[in-house]
Every structure is written in C-alpha cells, then in structure tokens.
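Participant: Sequences listed follow chains A and B, in order. Mapping the first sequence onto this note's numbering, position 164 (from 1) lands on 1015, and the numbers just tick up by one. Mapping the second sequence onto this note's numbering, position 28 (from 1) lands on 29, and the numbers just tick up by one. Cβ coordinates follow ideal geometry from the N, Cα and C atoms, glycine included. Sharing a structure below in structure tokens format, with a few things to ask.
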Amino acid sequence: MADTHSVIGTKNKKGQTFTDTWKMMNEAPRTPSFYTGSEVIKEALRRASCDVMIAYPITPQSEAAALIGELFAEGYIGDYFRGESEFAVMSQCAGAAFGGARVFTTTAGPGTMRAMENFPMWSGARLPIQMIVTCRGINSPLSIQPDTLEIAYLLNTGMLVWHAETAQDFFDWILKGYMVSEEPDVHLPLALCCDGFFVTHTKDVVNLTPADMCLPPYDPYRSPVPCMDMECPPVRMMRDPFVMKSNYISYATHASWQQEVWAAVERSRKHTIKWINGLIETENTDAEVLIVSSGTAVSQGREAIRLLEDEGIRCGLVKIKSLRPWPGEEIREATKNAKHIIVPEFNVTGWLAKEIKATIPNSDRVNAGPRVCGGMTMPPEIIVSEIKNLLGMRTMSLAGRGS
Amino acid sequence: MTQYRVLPGPEHFLPPSAASMGICLPNPGEAHINGVIVPEEKAYEEAAKQFLMAKVPTLFPGPLVLWAWNEKAAKKATAIRHLYNTLKECVQPGQTPMLIPMPDYRPKYPKINPEVEINPNHPNLTIWHNKIDCCMFIGVHCHQANLSLKIIRGGTSCYTIAMCAQAGHEDAMLSFRDASVEKIMRLADTVKRLKGTVTPRLTSAKNGA
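Here you go:
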C-alpha cells in the first residue's frame, strides 16, 4: 500500500526528489524562464509525477501534447500514447485512472465537444484526471482561434473547472490542481482551461520551481471508490446501470450519486482556496465600476483599467480563477459596492455574465460585455468605451475607421 | 454560516447533500455533530450515548475492513469486533446490538437479504427490516458511505455515525475522520465508561421506520 508521506525526500528514477507540494510550490526557489504556454505545460508535467498521458492532436494544444511526448522519451512520464480520437483518449484516460494512475491529457475546441460524454462519466466515477483545455472555436465554419464557448459546456459536468489567465497560472495550477482533485473528499477531474494561442503560443516570463523536485505520487488507496473492480460501481454501474432498472430505489440511488458528485465539488472549495489562494482575486472593489472576468479577458481588463486611470476614471477588478467550484459568496462580497459590473468575454453567448447575474442581487448592474468571438482580439479600448458609455461619457466608435 | 443541520429523517423525498447546504467537513482533531464542528472528544461522548440509547445499535463494516488486505485493516477489524462486543456487554435488556457487513457495492436486484448485509444502493431496506435506530459506518469507501448516509437520512429515522478513515462525512449525523484502531478502541472505552448512565429509548424508539 502506497504511503505518500513515506516517499517525501526520496528520489524517483530521474533523480527528482519527491517533495512536499506545499513547500515545493510556496517555499522552493523559483527560476524566471521565458517560455510559451505550451512549453510551460511541459515543464509543469516534468514535475508532476504523472503516470499516464494520452494525446490526440488538435490545435492549439498539439504542441503541448507533442512536448509531453518528449518528456516521456526522457523518462519523466510513466506511459504516453496517442488515442484514436478525443473520445477514445478520454475513455482511455478513464481506464488508466480506474487502474490507479495519475492521468493527464490535453484537448481543445471540437475535441472537447467530441469527448463530452466522458466528462460526466469521469466525475461520476470520481476519477481525478487532469485535462488541459486550450479553448478555441467550436462551431462551423471551422475556427482554430481563441474562443471560450466550450467552457460553458464543461460547467455542468461535475468536473472542477479553473480558468487560467497567464502561463504562470498554468504552471502553478497544473501542479496544485492535482493536490485539490486528488483529495479523498473531492476526487474529481479538473478541467484546467486557458484561452488558446493567447496563452499557449505566446512567450511570457514564468517562474518555475526547481526541476529536481517533483510532486509526491498519487495514492489511489485514498480514493473514495474502489480501484478497478468489474463487479462494483462505478464500473458495474456502467454495464448494469440503475437507469436500466425501473424502480423507485434505483432512481433514488442514481439521484443520490449525482448529489454526491456535486457535494464533492462543494468540498473542493476549501482545498481550492488553500492552494490557489482564493477562488477570485480582487483589486479596488470599492470602485463604482468593476470589471469581472476570467482568463485572458482579465488581462485586457487590467489594461483597460490603466487607460481609464489616465482619464481619471477609477475602476476595480475581479479575476475569477475557479468556475467550479463557483465563487458565489466571494463575488457577492466583491461586487456589493459596484454600480456597474462589466463582464468582458471571448465568446458569443456571455455565459460568464449569466453566471454572475444569477449570483448577485440587483443583477441589472451587470453589463454582459463587451464580447468578441471567433478568434477576434479584444482591444482594451472597447472595454474602456463600454465603461464610458455606461457612465454617460462620450466615446469614439472603434468599429469603423472612417470617423 | 449555514442554518442547516444534519438530523435524523425521514427528511425528504430527495434530501439534499449536506455539503450543498453549506455543511463543511471537520479538520484533523475535530469531528462534527449534526453538521456543527466539535472537538473530537465531544464526538466520542455523543456517539457512545447514541449507541447506548438505541434499541438496535448497529455497526456496518465495509470492504476496507472486512478483508485482511493489509495489516492495518486486520487490526481495525479486530477493534470493530471489540467495539461490537463492548456494545453487547453495555446495553440493557431489550437492546439488540447488531453487526451487519457491507461486503461489496454491487447493485443487487430484485433485493438483498437485509438480515445478512447492507448495500449502498438501498441501505434503507436493511434499516427498515431490522428496525435499526442507530448505526455506524466504518471501512466503507467514502463515496458509497455518502450514498448510503443520504438515502438513510431521506427515508428513515435512523441516527447515523461515520468512522471515516479519510476526511469524514457531512451526510452522517455524527462523523469522525482519520479513523484508526486507537479511535475505535477509544469509542469502545467511552461506551464502557458511560454504561448505565444513559436511558435507552426502548418504548419511544421509532425503530428506524
């Protein structure tokens, strides 16, 4: 039987030292490095004591998946292979996790959608798989450009869903994510999302932990469900599911099962707060105007705030880091003084604004936009323009070039 | 701070999970009673009182302690047997302690034999059939324990206790965490110490109905 604590201080086959994760992430020296987001995913995985990574190419995560293949060749990953499709990959991830492995995969856009059936299955089976989602357009006509619509589909799968703003978030949260999702009272998959290309393909300075330190291995004996056992739920449930039995108690059991998945999402709250230092980050929440967003829309919001300051307009910021668990209390508290809540998003439907409207009192304070999609960039000026319009100030149109 | 309390049922056609109602799990060294975090010492007293008050106090050992898959499991099983024997020694005439295993988690149809086992998919059958009014889960995987605890709270009036080896169970009315041989033995000692100080509810028991 594995004992996570007993391996701390010992070395793995690559000479890395299994290190207490809190010390590794919060106390170990960091080295500034200039990397793309994809390279950062590789560097995080180098330190993650990952047993299995399963890959399938789809832009913009293909580079990260290929780079992790190099890690496998170097001996840092237990096993690595390419699945036949995203659906196959996610099913294979389930198989590996059922068997007690720490599992990692990456996907994007149509790949996420193709594999969607697996995600509630992962949650229901309490498999703490980590999946990187480098968001891109999902609809026809084809787009490989940044677009966060796919996140909306993940929100009700029972997975933990975090939305990284920067490559630094990505590096830290990949490693910390395992600590949250592998807690026995949580034990759920994590969709760690970022906005494709903006994060994956741009270079940024990222402070890395020492490469000779790695996470302690996953201990499957702490799982809230048995490891692979063809006679017990959740495996038996999948070939002999409750839904096939038409009686009250089988329905009630399935209902209780679903509730337990969402109870686990709730339980993840305290662990998530501990590891990523709160579900949200805030700046100047006493301001009358607040930008509330997630992902790289937060970065654009920061720049808009700087532009507004130049004009003497004070604006606060709420960065939502975790979408599941949803930071309802935190958002209510952070927005209690705001008269105008601006929610910039990189998707057509404005799913984040809807979530916020459903959370706070006086939801007509929420301005659902500006929004761009299909790979468009979001110039900070359009956020500035939106805010100035709300404040009744004159603003130049950014739509045309003729005025 | 939630006002919700985890109390004996029958609570609802489909009771909510306690976590969704804002009940949090205890930290190491703590337990919870009805969803309120308490020092672990207090939980030993309350659990022992509930056992001694019950008409049919029952232990439900699960797969993690029913098989000697490691040394720790075997020692826990011995401690659970000791707790059961202690209950038998300490109860009064008319009280009937039981030890009913949850050997596995397979959905069993059309129904289980509730005299010989409990199943997480329809635990209420075992509660109802044996008129169990206080029970403790131990050695059951957390997910299956929570399924059972929620269904029991929904449809029966049984008082539920969890002796969890991990982080505890908010769906039980009382939960320990980080269960060990020492904790099981300490609970048995507390039962022994409180013997004769608690009045059994022999006439007023709803018998789990």
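According to DSSP, is K1054 of chain A part of a helix, a strand, or is it coil?
Facilitator: Note: K1054 of chain A maps to strand in three-state DSSP.
Participant: Could you pull the DSSP bridge partners for K1170 of chain A from this structure?
Facilitator: DSSP output for K1170 of chain A lists A:E1132 and A:S1144 as bridge partner(s).
Participant: Three or more beta-carbon pairs under 8 angstroms between the segment 62 to 79 of chain B and the segment 100 to 109 of chain B, yes or no?
Facilitator: Cβ pair count under 8 angstroms is three or more, so yes.
Participant: For a minimum of 4 consecutive residues, which ranges assigned as the alpha helix (DSSP H) are wholly contained in the segment 895 to 938 of chain A?
Facilitator: 913 to 925, all fully within the segment 895 to 938 of chain A.
Participant: Taking its Cβ as the centre, do 16 or more other Cβ atoms sit within 10 Å of Q943 of chain A, making it buried, or is it exposed?
Facilitator: Buried.
Participant: So, under 8 angstroms CB-CB, I1193 of chain A and I1207 of chain A are touching, yes? Tell me the CB distance rounded to an integer number of Å.
Facilitator: About 10 angstroms; that fails the 8 angstroms criterion.
Participant: Could you check what DSSP says for C1078 of chain A in three-state terms: helix, strand or coil?
Facilitator: Three-state DSSP puts C1078 of chain A in coil, outside helix and strand.
Participant: Can you pull the chain B neighbours of E1134 of chain A, defined as C-beta to C-beta under 9 angstroms?
Facilitator: By Cβ distance, chain B contributes nothing, its closest Cβ being about 28 angstroms from E1134 of chain A, past 9 angstroms.
Participant: Using a Cβ-Cβ cut-off of less than 9 angstroms, give me the residues of the segment 71 to 88 of chain B that come near chain A, in sequence order.
Facilitator: Against chain A - using a Cβ distance shorter than 9 angstroms - the residues of the segment 71 to 88 of chain B are N71 and K73.
Participant: Going along chain B in order, which residues have a C-beta closer than 9 angstroms to the C-beta of V1076 of chain A?
Facilitator: Going along chain B in sequence order, the residues near V1076 of chain A (Cβ under 9 angstroms) are Y106, H142, C143, H144 and Q145.
Participant: What does the alpha-carbon distance come out to for the pair S1254 of chain A and S1248 of chain A?
Facilitator: Interpretation of S1254 of chain A is limited by its pLDDT of 45, a score under 50 that renders its predicted location unreliable; the figure taken from the coordinates is listed afterwards. Cα to Cα, the separation comes out at about 8 angstroms.
Participant: From the beta carbon of A1103 of chain A, is the nearest beta carbon of chain B less than 8 angstroms away?
Facilitator: Chain B, which has a Cβ nearer than 8 angstroms to the Cβ of A1103 of chain A, makes this yes.
Participant: Under 6 angstroms Cβ to Cβ from V141 of chain B, same chain only, skipping five residues before and after it: list those, please.
Facilitator: Excluding residues within five positions, the ones whose Cβ falls inside 6 angstroms are G63 and M103.
Participant: Alpha carbon to alpha carbon, how far is L1141 of chain A from R1183 of chain A? Give it in angstroms, no decimals.
Facilitator: R1183 of chain A and L1141 of chain A: Cα-Cα distance of roughly 12 angstroms.
Participant: In chain A, which residues lie less than 9 angstroms from I133 of chain B when you measure between Cβ atoms?
Facilitator: Those do not exist, as I133 of chain B stays about 17 angstroms from chain A at its closest Cβ, beyond 9 angstroms.
Participant: Pull up the distance between the alpha-carbon of I1164 of chain A and that of A1189 of chain A, whole angstroms please.
Facilitator: For I1164 of chain A and A1189 of chain A, the distance between alpha carbons rounds to 14 angstroms.
Participant: Please list the terminal residues of the continuous alpha helix (DSSP H) segment that includes I1025 of chain A.
Facilitator: A1018 to S1032 is the span of the alpha helix (DSSP H), which, as asked, contains I1025 of chain A.
Participant: Three-state secondary structure (DSSP) at M1064 of chain A?
Facilitator: M1064 of chain A: strand per DSSP, three-state reduction.
Participant: Can you grab the Cα-Cα spacing for the pair F1049 of chain A / A80 of chain B, in whole Å?
Facilitator: Their backbone Cα atoms lie some 58 angstroms apart in a straight line.
Participant: Could you tell me if N114 of chain B is buried or exposed, where buried requires 16 or more neighbouring beta carbons within 10 angstroms of its beta carbon?
Facilitator: N114 of chain B should be labelled exposed.
Participant: Grouping DSSP H, G and I as helix and E and B as strand, with all else coil, what is G209 of chain B?
Facilitator: Bear in mind that a pLDDT of 49 at G209 of chain B, under 50, signals an unreliable position, so the number given afterwards is only what the model happens to contain. Coil, per DSSP.
Participant: Based on DSSP bridge pairs, tell me the residues matched to K862 of chain A.
Facilitator: A:T868, per the DSSP bridge assignment.
Participant: A189 of chain B touches chain A at which residues, Cβ-Cβ below 9 angstroms?
Facilitator: What A189 of chain B touches in chain A: nothing, since even the nearest Cβ is about 25 angstroms away.
Participant: Report all residues from its chain with a CB closer than 6 angstroms to the CB of S994 of chain A; omit the five preceding and five following residues, and keep chain order.
Facilitator: Cβ within range, chain order: G988, G1225 and G1226.
Participant: If you reduce the DSSP assignment to three classes, tell me which class R1073 of chain A lands in.
Facilitator: Note: R1073 of chain A maps to helix in three-state DSSP.
Participant: Drop a sphere of 10 angstroms on the beta-carbon of W1113 of chain A, count the other beta-carbons inside from all chains shown, and report buried for 16 or more, exposed for fewer.
Facilitator: That one is buried.
Participant: Is the CB of R1175 of chain A under 8 angstroms away from at least one CB in chain D?
Facilitator: In the structure shown, chain D does not exist; the protein chains are A and B.
Participant: Can you name the start and end residues of the alpha helix (DSSP H) that T963 of chain A belongs to?
Facilitator: Its alpha helix (DSSP H) spans residues G960 to R965.
Participant: Considering only their Cβ atoms, is the gap separating N125 of chain B from I152 of chain B smaller than 8 angstroms?
Facilitator: A contact, by the Cβ cut-off of 8 angstroms.
Participant: Could you name the residues of the same chain whose beta carbon sits closer than 6 angstroms to that of T97 of chain B, not counting the 5 residues immediately before and after it, in chain order?
Facilitator: Here the set comprises V57.
Participant: Take L1066 of chain A and list the residues in its own chain whose beta-carbon comes closer than 7 angstroms to its own, dropping the five residues that flank it on each side.
Facilitator: Cβ within range, chain order: T872, R898, A899, S900, L1026 and Y1029.
Participant: CA-CA distance, F869 of chain A and A1015 of chain A?
Facilitator: Roughly 26 angstroms separates the two Cα atoms.
Participant: Taking 8 angstroms as the CB-CB limit, is S1107 of chain A close to chain B?
Facilitator: Taking Cβ atoms only, chain B reaches closer than 8 angstroms to S1107 of chain A, which makes this a yes.
Participant: Just checking: is the beta-carbon of K893 of chain A within a distance shorter than 8 angstroms of some beta-carbon in chain B?
Facilitator: It does not: the Cβ of K893 of chain A has no partner Cβ on chain B nearer than 8 angstroms.
Participant: With 8 angstroms as the threshold, decide whether the Cβ of G209 of chain B is near any Cβ in chain A.
Facilitator: For G209 of chain B, the pLDDT reaches just 49, beneath the cut-off of 50, and the residue's location in the model is therefore unreliable, although a value from the coordinates is still provided. No, no contact with chain A.
Participant: Would you decide whether E183 of chain B is buried or exposed? Buried here means 16 or more other CB atoms lie within 10 Å of its CB.
Facilitator: Burial call: exposed.
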